[in-house]
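Undergrad: Before we start, here is the structure in question, set down as structure tokens.
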Amino acid sequence: MIVLQVNQLYKSYIADEILSGVKLEVQHRDRVALVGRNGTGKSTLLKIIAGQLSYDSGEIIMPKGIQLGYLDQHAGLESSLTIWEEMMTIFEPLKQLEKQIRNLELKMAEPSVYENSDVYQKVTAEYDQLQYDFKMKGGFQYEADTRSILHGMQFYPDSYDQSIASLSGGQRTRLALAKLLLKKPELLILDEPTNHLDIETLNWLENYLKNYDGAILIVSHDRYFLDQVVSIVYEVSRQHVTKFTGNYSKYLDEKAKNYEKDVKMYEKQMDEKAKLETFVQKNLARASTTKMAQSRRKVLEKTDWMDSPDGDEKSATFHFEIDKQSGNDVLSIDDLTIGYKGTPISKNISMRAYRQDRVALVGPNGVGKSTLLKTLIKEIPVLAGSIRFGTNVKIGYYDQELAKLSSNRSVLKELWDEWPLMTEREIRTVLGRFLFSGEDADKIVHDLSGGEKARLTLAKLMLEKNNVLILDEPTNHLDLDSKEVLENALIDYPGTLLFVSHDRYFINRISTKVIELSNDGAFEYLGDYDYYVEKKEELEEIAAEKATANAPKEKAAQVSNSQASKAIDKETKKKERKIQRQIEELESQMATSDAQIEALEADLCNPDIFSNHEKALEIQTSLDQEKENHESLELQWMELSEELEQL
Numbered sequence: 001m002i003v004l005q006v007n008q009l010y011k012s013y014i015a016d017e018i019l020s021g022v023k024l025e026v027q028h029r030d031r032v033a034l035v036g037r038n039g040t041g042k043s044t045l046l047k048i049i050a051g052q053l054s055y056d057s058g059e060i061i062m063p064k065g066i067q068l069g070y071l072d073q074h075a076g077l078e079s080s081l082t083i084w085e086e087m088m089t090i091f092e093p094l095k096q097l098e099k100q101i102r103n104l105e106l107k108m109a110e111p112s113v114y115e116n117s118d119v120y121q122k123v124t125a126e127y128d129q130l131q132y133d134f135k136m137k138g139g140f141q142y143e144a145d146t147r148s149i150l151h152g153m154q155f156y157p158d159s160y161d162q163s164i165a166s167l168s169g170g171q172r173t174r175l176a177l178a179k180l181l182l183k184k185p186e187l188l189i190l191d192e193p194t195n196h197l198d199i200e201t202l203n204w205l206e207n208y209l210k211n212y213d214g215a216i217l218i219v220s221h222d223r224y225f226l227d228q229v230v231s232i233v234y235e236v237s238r239q240h241v242t243k244f245t246g247n248y249s250k251y252l253d254e255k256a257k258n259y260e261k262d263v264k265m266y267e268k269q270m271d272e273k274a275k276l277e278t279f280v281q282k283n284l285a286r287a288s289t290t291k292m293a294q295s296r297r298k299v300l301e302k303t304d305w306m307d308s309p310d311g312d313e314k315s316a317t318f319h320f321e322i323d324k325q326s327g328n329d330v331l332s333i334d335d336l337t338i339g340y341k342g343t344p345i346s347k348n349i350s351m352r353a354y355r356q357d358r359v360a361l362v363g364p365n366g367v368g369k370s371t372l373l374k375t376l377i378k379e380i381p382v383l384a385g386s387i388r389f390g391t392n393v394k395i396g397y398y399d400q401e402l403a404k405l406s407s408n409r410s411v412l413k414e415l416w417d418e419w420p421l422m423t424e425r426e427i428r429t430v431l432g433r434f435l436f437s438g439e440d441a442d443k444i445v446h447d448l449s450g451g452e453k454a455r456l457t458l459a460k461l462m463l464e465k466n467n468v469l470i471l472d473e474p475t476n477h478l479d480l481d482s483k484e485v486l487e488n489a490l491i492d493y494p495g496t497l498l499f500v501s502h503d504r505y506f507i508n509r510i511s512t513k514v515i516e517l518s519n520d521g522a523f524e525y526l527g528d529y530d531y532y533v534e535k536k537e538e539l540e541e542i543a544a545e546k547a548t549a550n551a552p553k554e555k556a557a558q559v560s561n562s563q564a565s566k567a568i569d570k571e572t573k574k575k576e577r578k579i580q581r582q583i584e585e586l587e588s589q590m591a592t593s594d595a596q597i598e599a600l601e602a603d604l605c606n607p608d609i610f611s612n613h614e615k616a617l618e619i620q621t622s623l624d625q626e627k628e629n630h631e632s633l634e635l636q637w638m639e640l641s642e643e644l645e646q647l
């Protein structure tokens, strides 16, 4: 069933055309991604679909009764209620239904109702119907669902009574996402849902969205997330939208193939065009060939020549150099305690970084990753322990908040004032490499978008030529193309990297070492993100086995609470995946069976077969068998679905 259809949509801002002739379709249970560079109109298209922006022409078609849920990338829940109270506002109709059921229970207990059989039957019939409605609408599980989603978004029971007004911006954004997921709309539209989520929460969200019983339309710059969740990609580029089938990696492969094909076709057309132009120029003035030249000129004018596949979309081009190489020992941290205003966040941190290491710092939100980086650059004082840098270490720091970029100077002046010995032409050349060309160089710094500020910060880091880069969420404000350019620049960087990122694809490409930070220390994994995940699971399994082996006899079957819950969670997830695969297989078989039943029924309606008694009987027998098979599959599907729901 189609839940959304966009046909020939046009949108302009004054003289600038943003979207031109956009076509897009979303069916039930589709997982669709909108990708493209910053500023191409992805968020604009989502807002138009969600009814928050008008459009110039075209049509948006949605079946009657389809509920749409939309999360803006800058959304944050604003409320005077507590976390739990706010979540419960979603289920007000269910609570009213529950009140009606309780009132009927009281009514049925009255002696006068028993004495009148007609009244009693009417009340019990109404009671049965309300009970059924209450169950079908999730009345017996909405509180469990709420706790499950809040837990996934890292809101635990001890915080349920906390006022929403007291939460941070990131927490309010996560809560807005939690509330939207609880509403379970048939069409879920998410604009950058992975912002403010740590890796653990990202993993939970991926699994939730995979099993979501509705259609999803997502804008995200998280490639790992897109690969896990989506099966259709629409690319927004040069005002148009192009459809690709598959996840993000498949889209990149298909796009590369299409690009090669388009380049060959474009070169062929340009060669043909050049020949026509040459012929016209040489022969238009000659009396004997002027008619032929005029004919070819008409062909030139009427032909719809291809635009260049490269278009006008430029990529940033930069690399990081160093002035002077550092010593082999770059950083030594011993028994470090970090925190704000004397309050510890994390302690017992010890780690080492050597020349040309690429160290990724990971851990849940609030554990102190950014605090550690700010402590290293002496923005926050050390509470205990020691930090030692090696010889010739020169540090460059990237702040995820981009707080230092708030001046009233132009982009050009911002850079030129810090490097006054460079000529204007040299400064403009540098800015051009970071996509600040022409009038963009005259933009005021505090008016820049997040992506523009990120590129300006990277331009400064490039000019500083540091031999150690400390980066706090460097990909946060970058589109997918800019992320790839940054990755390539960092891979070629001859210095040492220490960075915090929740972008698992980025960590995989860059890191040679992953350090997991907790409130009680840091643990080192020598490898990329995939190795870190694999090794961590392996260590947890070993720890669980040891704990079981060393436990007293009366508790030999038990593991410690935390280990047991992890083991149970892992076994449950394994079982969930197995059941999910079985359900998908049954759904595929049911679809095949439906098609077979439909074909057999169509055959029975054929006059030639209908008049042939033996043939008709044979088809009817096959139809009956297929229907029995379908009922059997349906029964298995229902049993597995109930089992999955109980898990």
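Mapping of the sequence shown onto the UniProt record's numbering: position 51 corresponds to residue 51, and the numbering continues sequentially without gaps. By construction, the Cβ of each residue, glycine as well, lies at the ideal position given by its N, Cα and C atoms.
1. Out of curiosity, what's the CA-to-CA distance linking G51 and E59?
2. Just list the alpha helix (DSSP H) runs in the stretch 593-630, keeping only unbroken ones of 4 residues or longer that don't cross its boundaries, in chain order.
3. Classify Y493 as helix, strand or coil using the three-state DSSP reduction.
4. Going by Cα to Cα distance, which pick from K413, R355 and V411 is closest to K394?
5. Only counting the same chain, and skipping five residues up and downstream in sequence, which positions put a Cβ closer than 8 Å to that of E206?
6. Of the choices S482, A489 and G451, whose alpha-carbon is the least far from that of L469?
7. Would you check if the distance between the CB atom of L24 and the CB atom of Y248 is smaller than 7 Å?
8. Which residue marks the beginning of the alpha helix (DSSP H) containing residue 701, and which one marks its end?
9. At which residues does the alpha helix (DSSP H) containing K179 begin and terminate?
10. Determine the contact status of E86 and I199, defining contact as a CB-CB distance below 7 Å.
11. Is R577 buried or exposed, if buried means 16 or more other CB atoms sit within 10 Å of its CB?
12. Can you have a look at R455 and say buried or exposed, based on whether 16 or more other CB atoms are within 10 angstroms of its CB?
13. What is the rounded straight-line gap between the Cα of L130 and the Cα of K99?
14. At 3 residues or longer, what runs of the beta strand (DSSP E) sit wholly inside the stretch 299-352?
15. Who are the Cβ neighbours of G21 in its own chain at under 6 Å, not counting the five residues just before and after it?
16. With respect to the alpha helix (DSSP H) encompassing R428, which residues constitute its N-terminal and C-terminal limits?
17. Please determine, among F506, S501, F499 and L497, the residue with the shortest C-alpha to C-alpha distance to V485.
18. For Q5, which residues does DSSP report across the bridge?
19. In the DSSP assignment, what are the bridge partners of R388?
20. Grab the span of the alpha helix (DSSP H) containing I48 for me, first residue to last.
21. Assuming R102 is part of the alpha helix (DSSP H), what are its boundary residues?
22. With a threshold of 7 Å on Cβ separation, who are the neighbours of K334 within its own chain once the five nearest residues in sequence on each side are excluded?
23. In the DSSP assignment, the alpha helix (DSSP H) including Y224 goes from what residue to what residue?
24. Within the same chain, show all residues whose beta-carbon is closer than 7 Å to that of P309, passing over the 5 residues directly before and after it, in chain order.
25. So which of A549, Y398, Q580 and Q596 has the shortest CA-CA distance to E642?
26. Can you name, in chain order, every residue of its own chain whose Cβ lies under 6 Å from the Cβ of T391, other than the five neighbours on each side?
27. Does the distance from the CB of residue 648 to the CB of L471 come in under 7 Å?
28. With H, G and I counted as helix, E and B as strand and the rest as coil, what does DSSP make of V559?
29. Mind checking which residues open and close the beta strand (DSSP E) that includes S163?
30. Secondary structure at D16, three-state DSSP: helix, strand or coil?
31. Quick one: grab the DSSP three-state call for Y120.
32. Determine the direct distance from the alpha carbon of V6 to that of T290, and round the result to whole angstroms.
33. Starting from I395, follow its DSSP beta bridges and name the residues at the other end.
34. Roughly how far, in whole angstroms, is the beta-carbon of G41 from the beta-carbon of V280, given that I think they are within contact range, below 8 Å?
35. Out of K573, L412, I380 and D323, which has the shortest C-alpha to C-alpha gap to P494?
36. Please return the same chain residues whose Cβ sits closer than 6 Å to the Cβ of S231, not counting the five positions on each side in sequence.
TA: In terms of the structure at hand:
1. 12 Å
2. 607-610
3. coil
4. R355
5. F225, Q228 and V229
6. A489
7. no
8. Any answer about residue 701 is impossible in this case: the structure gives the chain only from 1 up to 647.
9. G169 to K183
10. no
11. exposed
12. buried
13. 10 Å
14. 329-340
15. Q8
16. E424 to R433
17. F506
18. E25 and I61
19. S332
20. K42 to I49
21. E92 to M108
22. It should be noted that the sequence gives Asp, not Lys, for residue 334. The residues are S350, G385 and S386.
23. R223 to V229
24. Y259, D262, V263 and Y266
25. Q580
26. G327
27. In the structure as shown, the chain begins at 1 and stops at 647. Residue 648 is therefore absent and cannot be evaluated.
28. Since pLDDT at V559 reaches only 46, below the 50 mark, its modelled position is unreliable, and the value read off the structure follows with that caveat. Coil.
29. Looking at the DSSP string, S163 is not in any beta strand (DSSP E), and its letter there is neither H nor E.
30. strand
31. helix
32. 49 Å
33. V468
34. Their Cβ separation, rounded to whole angstroms, is 39 Å, which puts G41 and V280 out of contact at 8 Å.
35. D323
36. R31
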